[in-house]
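A.B. asks: Quick one: structure below, then a few questions.
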Amino acid sequence: MMGTYFDIAYMIKSFPTLLGMVHITLLVTIFSAIVGILLGAVIAILRIQKVPVLAPLLRVFISFMRGTPFLVQLFLAYFGVPEILSHIGISMKGVPPLAFVLAVFTLHMAAYGAEIMRSSILAVPVGEKEAAMSLGMTSVQMYRRVVLPQAFHMALPALVNTVIGVVKGTSLIFNVGVVDIMRKAELMAGNSQRSLELYVDVAIIYGILIFLIARFGRFLEKRKKGGRDIAELSEA
14 MMGTYFDIAY
24 MIKSFPTLLG
34 MVHITLLVTI
44 FSAIVGILLG
54 AVIAILRIQK
64 VPVLAPLLRV
74 FISFMRGTPF
84 LVQLFLAYFG
94 VPEILSHIGI
104 SMKGVPPLAF
114 VLAVFTLHMA
124 AYGAEIMRSS
134 ILAVPVGEKE
144 AAMSLGMTSV
154 QMYRRVVLPQ
164 AFHMALPALV
174 NTVIGVVKGT
184 SLIFNVGVVD
194 IMRKAELMAG
204 NSQRSLELYV
214 DVAIIYGILI
224 FLIARFGRFL
234 EKRKKGGRDI
244 AELSEA
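Count the sequence shown with the numbering used here and you get residues 14 to 249, in order.
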């Protein structure tokens, strides 16, 4: 009876095929994580420095990206942006759907990363910032050499959790025509009528990805902590 309702053999057989689409998920996650976190750090600094005009606009941007779902943002970018640009003579017909996905996920990561980095930057002791400036460092040098390394270390757990959220969010990108793990599962389910087995495979793949990201985050935390402890011992 088990074979009638749930075919384990088909699930095992389908797993490598679905796993073959994981590169799309990894591309979106890695690109948006790296670029988004760096962009978020810049946004955080601009907000802390209260740059005229930019700071209020960035506050609105962050509120919008954090207050609306992934899917709404994807639809606005994929359907709305080309429609608006077409009215001013700019055609985006040749732009692949993946480009819209990368842009939206990067901006989403930047919005969350900006708030995480802003709180971490503010948590760096004022005395260290003043000491850096007294040594003749410029503001850019102070942030690059003193503030941001400490801020990234403090923000690491929250940033890893945000990246995990991005991984989960990639399960929606098939809605704009990108063939990823979920879309491949849907196509295979339409031919085999074995949806449950395929979605179990998908759940396993996402579970493995999230587990690996979480472990990598813990590894970075331990490495940073170990490096800091060694530095403190050498100074003592």
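Idealized CB from N, CA, C, for every residue including glycine.
Extract the residue ranges of the alpha helix (DSSP H) inside the stretch 147 to 185, only unbroken runs of 4 or more that lie entirely within it.
C.D. replies: 152 to 155 and 161 to 182, all fully within the stretch 147 to 185.
A.B. asks: Using a Cβ-Cβ cutoff of less than 6 Å, which residues in the same chain neighbour V48 once the five nearest sequence positions on both sides are dropped?
C.D. replies: So the qualifying residues of the chain are T119.
A.B. asks: According to DSSP, is V137 helix, strand or coil?
C.D. replies: Coil at V137, not helix or strand.
A.B. asks: Along the alpha helix (DSSP H) that carries L89, what are the first and last residues, could you check?
C.D. replies: First-last for L89: undefined, no H or E at that position.
A.B. asks: So which of L135, V73, V35 and I21 has the shortest CA-CA distance to K197?
C.D. replies: Looking at the Cα atoms, V35 is the closest of the given residues.
A.B. asks: For T30, which of V117, V108, V41 and M195 has the nearest alpha-carbon?
C.D. replies: Checking every option, the nearest Cα to that of T30 belongs to M195.
A.B. asks: Looking at the unbroken alpha helix (DSSP H) that takes in S104, where does it start and where does it end?
C.D. replies: Unbroken run through S104: none, as it is neither H nor E.
A.B. asks: In whole angstroms, give me the CA-to-CA distance for A136 and F83.
C.D. replies: Answer to the nearest angstrom: the Cα atoms are 30 Å apart.
A.B. asks: For a test of the three-state rule: what should DSSP assign to R207, helix, strand or coil?
C.D. replies: Reduced to three states, the DSSP call for R207 is coil.
A.B. asks: Given a cut-off of 9 Å, decide if Q154 and S133 are closer than it, judged by their beta-carbon atoms.
C.D. replies: The answer is no: Cβ separation not under 9 Å.
A.B. asks: Kindly indicate the opening and closing residues of the alpha helix (DSSP H) around F28.
C.D. replies: Its alpha helix (DSSP H) spans residues I21 to L32.
A.B. asks: Assuming V117 and A90 make a contact with CB atoms under 8 Å, what is their CB distance in whole Å?
C.D. replies: Confirmed, about 5 Å.
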